[in-house]
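Here is the structure we will look at, set down as structure tokens.
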Amino acid sequence: VARAEADLRVKRAELIPDLSLVASYLSPITSDVLPQEIAYVGLELTWEVFDWGRKRRETAEKAKAMEQLKSLVAEATSQVSLDVRSIARQLAESRELVTVAELGRQAARERLRVTTNRYAEEAALLRDVLEAQAALGQANDQHQQALLAVWTARAEFERALGQD
């Protein structure tokens, strides 16, 4: 964007006429008619009057290119902001899933304890104990999956923030 702004300033500066200070000194030694020493100082104005709109067209193109770059930068900024917010929400959701999975794991552990005690008192079948153990294993697996989701979301969040 800074380069496009500099290009635009250069193109606008081309619309301004060039004013130069000119100084010269001559000593014609081969002519007796001319004075022995000639010196002059003056201002020289250079301005391309008939450019048929070329400079204004080029200036307009540079201005348009600069505006396009600014809109691209704004779009990229908003996209990055959107991505960061989305990934932050995913991180928060995955942290909540860990809490839920931990509660599920505690409930499955308690169910296994109760079922094991009932089995010891012969109030439950071995099948019930095995089902409670399987439910605890499944709850442990869900907890591990939730932890994996947290770490994955955290890595994505750090990537979105530009931290490696």
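Residue numbers (my numbering): 2 to 165. Backbone N, C-alpha and C fix where the C-beta goes; we use that ideal spot for every residue, glycine too. As the structure is a computational prediction, the values presented were derived from the model and not from experiment.
Query                                                                                                           : Result
Local Cβ density within 10 Å of R160, reported as buried at 16 or more and exposed below that                   : exposed
heavy atom of the ligand MG below 6 Å from K63 C-beta                                                           : Inclusion of the ligand MG in the displayed structure is not the case, the ligand content being empty and no account of it being possible.
Close-in-space but distant-in-sequence residues of the same chain around E15 (CB under 6 Å, 5 per side omitted) : K56
CA-to-CA distance, V81 to E132, given in whole angstroms                                                        : 47 Å
N- and C-terminal bounds of the alpha helix (DSSP H) containing I88                                             : 55-121
Span separating the alpha-carbon of H144 from that of V101                                                      : 8 Å
Where K71 falls, given that 16 or more other Cβ within 10 Å makes a residue buried                              : exposed
Beta-carbon gap between R173 and T60 smaller than 7 Å                                                           : In the structure displayed, the chain extends from 2 to 165; residue 173 sits before or after that span and is not available.
Helix, strand or coil at N129 [DSSP, three-state]                                                               : The sequence given here places Asp at residue 129; Asn does not occur at that position. Looking at D129 - three-state DSSP - the assignment turns out to be helix.
Which listed residue (E38, F51, L137, I39) has its alpha carbon closest to that of Q107                         : L137
Cα-Cα separation between A7 and A66, rounded to whole angstroms                                                 : 12 Å
Distance between T31 and L202 (C-alpha atoms, nearest Å)                                                        : Residue numbering for the chain in the displayed model covers 2 to 165; residue 202 lies beyond these limits and cannot be assessed.
Integer-rounded CB distance, given that V151 should sit under 8 Å from S95                                      : 5 Å
Extent of the continuous beta strand (DSSP E) to which A40 belongs                                              : 39-47
Through-space distance from A64 to E38, alpha-carbon basis                                                      : 51 Å
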